[in-house]
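S.K.: Residue numbers (the UniProt record's numbering): 1 to 201. Each residue gets a CB set at the ideal place from its N, CA and C atoms; glycine is no exception. This is the structure, below, for whatever I ask next.
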Ligand code: HEM
């Protein structure tokens with residue numbers, strides 16, 4: 001997980017989120033099958049279906065959260081619509097997919113920010129993953145690979161806007177701790193869900 005901003009250029013919240021989740025990111029990245037020799041179209045479909053079961057439920061919860069900070073345009077950043085487009089393009093029946101019932105507890109503004117950090121940060125590896133899926137399975141953003149490159153050429157810009165937004169919300173040390181806890185829980189819940197869906201390597 002390269003970090004090219006110097007420590008002085010990032011907010012204390014981002015620093016805390018980065019260092020608090022780095023180990024979990026590395027662990028999950030190793031278990032995802034994107035670069036596995038065993039990844040074929042069927043496994044990719046199952047993987048996207050499992051992503052859907054988690055993202056749909058978490059984004060639904062965020063949309064109804066009273067703690068969603070004003071100034072954050074969640075609608076414009078939802079990833080579930082791209083997952084739906086991919087699943088439809090791949091002929092997967094969305095209503096028959098299982099939905100995740102163990103989600104991070106989001107009981108404060110800080111915890112919502114922690115979950116958003118994970119969902120937004122997860123777009124950063126997308127370009128590498130999209131190229132891999134294009135080479136291995138011949139898919140592009142029109143026929144099954146929209147989610148992995150959800151912001152397209154605007155990925156860097158979207159991440160920068162998110163970092164600026166995160167830095168603009170006043171969070172004291174306790175709130176930063178809550179954000180990190182929620183971000184860690186988001187990683188863990190996601191990994192456990194993917195494990196239960198038997199899509200990890
Ligand atoms: C094999 C799969 C993955 C790869 C190859 C990957 C790769 C990367 C890379 C290269 C970055 C840094 C990009 C940059 O600094 O410009 C990054 C950042 C990040 N990724 Fe992943 N990632 C993967 C999966 C995930 C997943 C599944 C999640 C969470 C659901 C996630 C969450 C994050 C977060 C939160 C950051 C932001 C770190 C920061 O603060 O800079 N990643 N990832």
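Let's see if you can read the secondary structure: which residues bound the alpha helix (DSSP H) around residue 128?
M.R.: 126–137
S.K.: Using 8 Å as the Cβ pair cut-off and three pairs as the minimum, do the segment 49–58 and the segment 184–195 touch?
M.R.: yes
S.K.: Rounded to the nearest angstrom, how far is the Cβ of residue 126 from that of residue 80, given a contact under 8 Å?
M.R.: The pair is not a contact, with the Cβ atoms about 15 Å apart (cut-off 8 Å).
S.K.: Does the distance from the CB of residue 87 to the CB of residue 179 come in under 9 Å?
M.R.: Taking a C-beta distance under 9 Å as the contact criterion, residue 87 and residue 179 do not qualify as a contact pair.
S.K.: Are the Cβ atoms of residue 57 and residue 14 separated by less than 9 Å?
M.R.: no
S.K.: Do you know whose CA, among 146, 199, 142, 170, lies nearest residue 70's CA?
M.R.: 170
S.K.: Suppose you measure from the CA of residue 6 to the CA of residue 188; what does that come to, to the nearest Å?
M.R.: For residue 6, the pLDDT reaches just 47, beneath the cut-off of 50, and the residue's location in the model is therefore unreliable, although a value from the coordinates is still provided. Each residue's alpha carbon lies about 27 Å from the other.
S.K.: Checking 9 Å against the spacing of the C-beta atoms, do residue 199 and residue 46 come in under that value?
M.R.: yes
S.K.: From residue 68 to residue 132, what distance separates their C-alpha atoms?
M.R.: Distance between the alpha carbons of residue 68 and residue 132 is about 34 Å.
S.K.: Alpha carbon to alpha carbon, how far is residue 185 from residue 63? Give it in angstroms, no decimals.
M.R.: 19 Å
S.K.: Across the segment 145–154 and the segment 94–110, are there enough close Cβ pairs to call them in contact, namely three or more that are closer than 8 Å?
M.R.: no
S.K.: Using the three-state DSSP reduction, which class does residue 10 fall into: helix, strand or coil?
M.R.: coil
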